[in-house]
Ligand SMILES: Nc1ncnc2c1ncn2[C@@H]1O[C@H](COP(=O)(O)OP(=O)(O)OP(=O)(O)O)[C@@H](O)[C@H]1O
Ligand SMILES: [Mg+2]
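Numbering (our numbering), first residue to last: 675 to 947.
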C-alpha cells in the first residue's frame with residue numbers, strides 16, 4: 675500500500691517511454707532437412723525502451739542468436755509479434771546496426787573501406803572520412819586504416835566489425851557475443867568504450883554474451899533465458915551507478931548479488947558446467 679504522498683509523486687512522474695523494441699509471444703521453430711522440428715524459441719516477451727542497454731545471457735543453443743536475427747530483420751518472425759519503433763519488423767533497417775560473433779570483413783577491402791561499406795551501400799557520402807577516422811580512433815585502430823583484414827589479429831578484426839556497425843549511426847545496436855574472441859584486457863577496454871559510446875550517443879543496445887561480468891558491467895537490465903526452447907526466465911535491473919569501471923564494480927554489493935543470481939539461474943538451466 676503506497677502513502678498518499680507517494681501516490682501523488684507517482685502520478686507526477688512522466689509515463690515511461692513506449693518500448694522501442696517489443697516482443698510478445700515470439701516463437702521460432704526450425705525444420706531440419708530430415709523434416710524434424712527444432713523449437714528454438716517459445717513465448718518470448720520482452721520490451722526494450724529507447725536508450726536502454728539490455729544484456730541477454732542464456733545456455734548455449736537456447737535461441738539467443740535466433741532472437742537477435744529476428745530483431746535485426748534477418749529472419750522472419752512467424753509466431754508472435756515483433757515491433758520496432760511501433761512497426762512490425764519486415765526486414766533489415768538502417769536504424770539497426772549488427773555485430774556478430776565473427777567480424778566477416780571483406781578481405782579485398784582495407785580497414786577504412788570495410789568500415790565505409792555501409793555508408794556506400796546506403797548512398798551516404800558526406801562527412802565520411804572524419805567520421806570513419808573518429809570511429810577507428812575510438813576502437814584503437816587509428817593507425818590501421820590502410821591495412822587489410824589478413825594483417826590484423828582476430829580481436830582487431832572484430833573491432834573493425836564494431837566500427838562498421840556504427841558507421842551509419844544506427845539508433846539500435848544489436849551485438850551477438852561481439853567480444854568473445856578478444857583477450858581479457860582488450861575485452862575490458864572495449865566494454866568501457868562501448869559504455870562510453872552508449873552513454874554519449876543515446877543508442878539502444880541489445881547485447882548477447884556468455885560472460886556474466888560483461889553482462890552486468892554494461893547493462894541497465896540483464897535478461898536471463900531458459901534452456902531451449904528459449905524464453906525469458908528472469909529480468910534483473912542493475913542498480914549500479916555509471917560510469918562503471920571494472921576496478922570498482924566488483925566491490926559494489928549489488929554486483930556480487932547479481933552475479934550470484936545469474937550464475938544460479940544459468941546453472942539450473944544446465945548453462946554452466
Ligand atoms: N537455420 C537454422 N536451421 C535449423 N536449426 C537452427 C537454425 N538456426 C538455429 N537453429 C537451432 O536453433 C537453436 C538455437 O540456436 P541459436 O544459434 O539461436 O542459439 P544460441 O543461444 O545463439 O547459442 P550459442 O550461445 O551457442 O550461440 C539451436 O538448437 C540451433 O541448432
Ligand atoms: Mg549464438
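Idealized CB from N, CA, C, for every residue including glycine.
If you're wondering where the values come from, they're calculated on a predicted model, not measured in any experiment.
| Asked | Found |
| --- | --- |
| Counterpart residues of residue 818 in DSSP-defined beta bridges | Per DSSP, none; premise fails for residue 818. |
| Extent of the continuous alpha helix (DSSP H) to which residue 853 belongs | Segment: none, residue 853 is in no alpha helix (DSSP H) and carries neither H nor E. |
| Extent of the continuous alpha helix (DSSP H) to which residue 727 belongs | Taken as a continuous stretch (DSSP letters only), residue 727 belongs to no alpha helix (DSSP H), being part of the beta strand (DSSP E) at 727–731. |
| In DSSP terms, what residue 757 is bridged to | 696, 762 |
| Run of the alpha helix (DSSP H) containing residue 740, from where it starts to where it stops | 738–745 |
| Three-state class that DSSP yields for residue 808 in the structure shown | helix |
| Simplified DSSP assignment, three categories, for residue 735 | coil |
| DSSP state of residue 857 mapped onto helix, strand, coil | coil |
| Proximity test, residue 735 beta-carbon vs ligand 1 heavy atom, cut-off 7 Å | yes |
| Residue 729 CB to nearest heavy atom of ligand 2 below 7 Å | no |
| Exposure of residue 726, with buried meaning 16 or more beta-carbon neighbours within 10 Å | buried |
| Residue 868 versus residue 752 - alpha carbon distance | 32 Å |
| Rounded separation between residue 947 and residue 941 - CA only | With a pLDDT of only 48 at residue 947, under the threshold of 50, the placement of this residue in the model should not be trusted; the figure read from the coordinates follows. For residue 947 and residue 941, the distance between alpha carbons rounds to 7 Å. |
| Residue 900 Cβ short of 7 Å to ligand 2 heavy atom set | no |
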